[in-house]
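Reading through the structure tokens given below for one structure.
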Amino acid sequence: MQTSSENILSAVRIDKGFPGTKALDKVDFHLRRGEVHALLGENGAGKSTLIKCLTGAYHRDGGSILLDGTEVDPRDTFDAQRLGIGTVYQEVNLLPNLSVAENLFLGRQPRRFGMVDIRAMNRKARELLSQYELELDVTRALASYSVAIQQVVAIARAVDLSGKVLILDEPTASLDAHEVAMLFRIVRRLKARGLGIIFITHFLEQVYEISDRITVLRNGRLVGTRDAADLDRRDLIAMMIGRELAAEIHSAHANTAGGEPRYRFTNYGRRGRIEPFDLNVRVGEVVGIAGLLGSGRTETAEVLFGAHRADSGTAEIDGRPVELSSPRAAIRQKFGFCPEDRKTAGIVGDLSVRENIVLALQARRGWTRPISRAEQNRLADLYIRALDIRTADREKPIRLLSGGNQQKAILARWLATEPEFLILDEPTRGIDVGAHAEIVRLIETLREKGMSLIVISSEIEELVAYSTRVIVLRDRAHVAELDGDRITADQIVEAIAAANERRAS
Amino acid sequence: MKQKYLPLTATIFIFVLSYALCAAQYPNILSTRVIGNLLTDNAFLGIAAVGMTFVILSGGIDLSIGSVIAFTGVFLAVVLEHTSMHPLVAFALVLMITTLFGALMGAIIHYLEMPAFIVTLAGMFLARGMAFVLSIDSIPIKHPFYATLKGLYYKLPGGGRITLIGGLMLLVFAIGILLAHRTRFGTNVYALGGGTATAKLMGVPVASTTVSIYALSGLLAGLSGIVFSLYTSAGYSLAAVGVELDAITAVVIGGTLLTGGSGFVAGTLVGIFIQGLIQTYITFDGSLSSWWTKILIGALLFAFILLQKGIIHLSRDNRKRA
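Read top to bottom, the protein sequences are chains A and B. If you're matching positions, the first sequence starts at 1 in this note's numbering and goes up one per residue. If you're matching positions, the second sequence starts at 1001 in this note's numbering and goes up one per residue.
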């Protein structure tokens, strides 16, 4: 067993399996005192599973965790926190209705004569936050502050409670450049105090800016741990996505669609949601939409689909102006939209796979003209076979299916309406690697059949794989468009990064 | 001003305004006598509403309160009539029963992950049914100790009286305010209202807090039942029907968010006063049907729900811009 006193946290040969998949396969991970250690990998690589094993949210199947040289076995995240491993998630896990001070000291408020000493608590909260360059009114509700501030409050709480290891899970996803800079200043300061910091992100610039070492996971296995200074970006991406996929990416968009644009959106936008943009989409084209979280990707999709009515500009199909004032109107023009959060906006968990698949088609026909049961069965069976939806039978409640299969069922729902213009918002989020590749292949097939698609994804490699054009968003505006040979992961990353630098300056 | 004080300020403003309007028409309404009666008449509702405030702050609801009040009254009447038990012992006994009853409902809500609405609805039928089992008639309570208790009051200048039960309500509110705002338990209640899952992640003892909240509500419903039996000198199983709804109304008019996590115990007191004031006005007027109370309270309730929606909407916009 390799433990040295400089490692504050060592995870050795961690195994974790889920029914059907091996999420972690003998993964080693060592975190030194006073380092920022980036943990990278594509979605489904096992990053979050590893983190959940370290913080006790999952119980590992095998392997051992050493904290400060002693073996630990956290029962839950609270236990891990007590032991010294604090975690801050992208979605701030604090209580928005409580004051900042109460959030910091919940469960350990200073007391006098059995009563909470509010004045002492607020004073301690101010002292604590002043170490983080924050001057706040700590008596105000947490919800009244920006996400970045909430993030820092969460870090302050985690460090104050735990003080050995800090795990930052995508902390910068919804922050702007200034806020990221502030966060990084804080991280550097904590590093100087000797904390071990695990940093998870999708943004490679940030990885190079802040990390000392990088560990890459792929498909639940450890690819390697390197010093950030010795690892150039190309090699890092190769570690993350593997050579096979890299090769596949280059061959993907050999034949880009030609011809006149079929769908023309001119000066299309909605105040407060997305700046007016021009967008032309041809038949048989996949337009990828890239950008950071909160850059206006979903807002673009919602305006196109009429979920939020555009307040400027015009939409034309084949040169004929159309009114996309509501999703119903859009569906009538043969539009389809798979939303991002399938749990809340997509599936109806207790209905069967069949019912979920026919839902959109039935809605378009109107409830007065029901689809016959035989027709429903035919459609469901057709798509279960065509999309390879893994389900015991079509009557199984959809919530019992895995994420990837749910995603395919929602795709089936829209395919059943035979759309000509399909918008997919994060079609591969939260599904396993195998299903991932299948969805990508499916997008290719739909494109070849002559469908026009808009695909939003935060996974740049994936956009590269299927897009004939990529639009880059920033600050709720379309800022760049890449096509042909310019669609590479590096170019997209650079376009996003350039867009951000422009904003920072 | 901080946003969280907005509903409470609105409540106080409405109360002061309506009090001024009433006083302009009937100057007598300012007399300490009326104020004393306001406290006495609403004592049982106020005490129960304190418990309800905690339940609603935690994001729950307790529909059993009215039935528990009726059960308490019948229990006391039956025990005092058929046994020689001293009322104080009977009080302690019945408070124990109702507290346990509340704790049991809290445990079911937490451990069986049942919605509070259904569990306390079941509790409502159960408590009312138990009251009927004890007696279906209205039983008068003639114990001399009751007369002693009813004779206790603090005389205000101007002839008004703060009776024992009116004073008790104020005391319960004072303790409730301390409990909600100055103890860890209180903060935990707010934390549950902010989100159970997050609260758990942050180390809030969700199980014991939930059980304690409903136990507290049961205890205060029991106390409210004792006060009600003192007020009416009787126990009747059909009494206090719908009191839980009046209590919810007072809590919401008092500025507590029905979805939990935000509000003040003190607001509930003002909510009680507003309801009592409307009632008093109608008594003073004499010609208005008492249904006007319900109509006015209904309108107020709507207004407050709209106000809360507006505030939630505003705070969301603020956050987006921040």
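Even glycine gets a Cβ: it sits at the ideal position worked out from N, Cα and C. Keep in mind it's a predicted model, so treat the numbers as computed, not measured.
Exercise. Check whether the Cβ atoms of A:Gly17 and A:Gly86 lie closer than 9 Å to each other.
Key: no
Practice problem: Indicate the three-state DSSP secondary structure (helix, strand or coil) for B:Tyr1190 in the structure shown. | Solution: helix
Practice problem: Scan the region 107–138 of chain A for residues whose Cβ lies nearer than 8 Å to a Cβ of chain B and list them as they occur along the chain. | Solution: Gly107, Gln109, Arg111, Gly114, Met115, Val116 and Ile118
Self-check item: Counterpart residues of A:Glu316 in DSSP-defined beta bridges
Solution: A:Arg264 and A:Pro321
Quiz item: Looking at C-alpha atoms only, which residue of A:Leu236, A:Asp350 and A:Gly346 is the closest neighbour of A:Leu204?
Solution: A:Leu236
Quiz item: Between B:Gln1003 and chain A, is there a C-beta pair that is closer than 9 Å?
Solution: yes
Self-check item: Interface partners of A:Leu98 on chain B, CB under 9 Å
Solution: Thr1187, Tyr1190, Ala1191, Gly1194 and Gly1261
Practice problem: Return no unless some Cβ of chain A is closer than 9 Å to the Cβ of B:Gly1254. | Solution: no
Quiz prompt | Straight-line Cα distance separating A:Ser467 from A:Arg441 | solution = 12 Å
Self-check item: A:Ala141 in three-state terms, based on DSSP
Solution: strand
Quiz item: How about B:Pro961 and B:Gly1193: are their beta carbons less than 9 Å apart?
Solution: Outside the shown range of chain B (1001 to 1322) lies residue 961 of chain B, about which nothing can therefore be said.
Quiz item: So is A:Pro321 buried or exposed if we call it buried at 16+ other beta carbons inside 10 Å?
Solution: If you draw a 10 Å sphere on the C-beta of A:Pro321, you find fewer than 16 other C-beta atoms in it, and that means exposed.
Quiz item: What in chain B is Cβ-close to A:Glu556, meaning under 7 Å?
Solution: Residue numbering for chain A in the displayed model covers 1 to 505; residue 556 of chain A lies beyond these limits and cannot be assessed.
Quiz item: Taking Cβ to Cβ, would you say B:Gly1102 is nearer than 9 Å to B:Leu1288?
Solution: Contact check for B:Gly1102 against B:Leu1288 fails: the beta carbons are separated by 9 Å or more.
Exercise. With DSSP as the reference, label A:Ser219 as helix, strand or coil.
Key: Here residue 219 of chain A turns out to be Asn, not Ser, going by the sequence shown. Coil at A:Asn219, not helix or strand.
Quiz item: Does DSSP put A:Val283 in a helix, in a strand, or in coil?
Solution: coil
Practice problem: Use the C-beta contact count for B:Leu1152: other C-beta atoms within 10 angstroms, 16 or more gives buried, fewer gives exposed. | Solution: exposed
Practice problem: Report buried or exposed for A:Thr462, applying the criterion of at least 16 other Cβ atoms within 10 angstroms of its Cβ. | Solution: Here the sequence assigns Glu to residue 462 of chain A, which means Thr is not the residue at that position. Answer is buried; the Cβ neighbour count reaches 16.
Exercise. Taking A:Gln376 as the reference, give the member of A:Ala416, A:Val348 and A:Val281 with the closest Cα.
Key: Of A:Ala416, A:Val348 and A:Val281, the residue nearest in Cα terms is A:Ala416.
Quiz item: Exposed or buried, B:Met1105, counting other C-beta atoms within 10 Å across all chains shown (16 or more means buried)?
Solution: buried
Quiz item: Do you know how far the Cα of A:Glu209 is from the Cα of A:Lys47?
Solution: 20 Å
Practice problem: Please state whether DSSP places B:Met1114 in a helix, a strand or coil. | Solution: When DSSP states are grouped into helix, strand and coil, B:Met1114 belongs to the coil group.
Practice problem: Would you mind stating whether A:Ser352 and A:Glu395 have Cβ atoms separated by less than 9 Å? | Solution: yes
Quiz item: Among A:Glu170, A:Glu179, A:Phe113 and A:Leu94, which one has its Cα closest to the Cα of A:Tyr132?
Solution: Of A:Glu170, A:Glu179, A:Phe113 and A:Leu94, the smallest CA-CA separation from A:Tyr132 is found for A:Glu179.
Self-check item: Residue(s) in a DSSP beta bridge with A:Pro427
Solution: Partner(s): none; A:Pro427 has no beta bridge.
Quiz item: Checking contacts by CB at 9 Å: is A:Ser144 closer than that to chain B?
Solution: yes
Self-check item: Pairwise C-alpha distance: B:His1110 and B:Val1211
Solution: Straight-line Cα distance between these residues: approximately 8 Å.
Quiz item: Does A:Gln81 come within less than 9 Å of chain B when only Cβ atoms are used?
Solution: yes
Self-check item: Enclosing beta strand (DSSP E) for A:His37 [first to last residue]
Solution: Val36 to Leu40
Quiz item: Tell me the DSSP bridge mates of A:Gly269?
Solution: A:Ser312
Quiz item: Taking only beta-carbon atoms, is A:Leu509 less than 9 Å away from chain B?
Solution: Given that chain A is displayed from residue 1 to residue 505, the structure contains no residue 509 of chain A and the question cannot be resolved.
Quiz item: So which residues on chain B does A:Thr77 lean against when the C-beta distance must stay under 8 Å?
Solution: Leu1201
Quiz item: Roughly how many angstroms lie between the CA atoms of B:Ile1047 and A:Arg413, to the nearest whole one?
Solution: 54 Å
Quiz item: Does DSSP put B:His1181 in a helix, in a strand, or in coil?
Solution: The DSSP-derived three-state label of B:His1181 is helix.
Practice problem: Please list, in chain order, all residues of the same chain as A:His250 whose beta carbon is under 8 Å from its beta carbon, the five residues on each side excluded. | Solution: For A:His250, the predicted structure reports a pLDDT of 44, less than 50, and the residue's modelled location is therefore unreliable. A value from the coordinates is still provided. No residues qualify anywhere along the chain.
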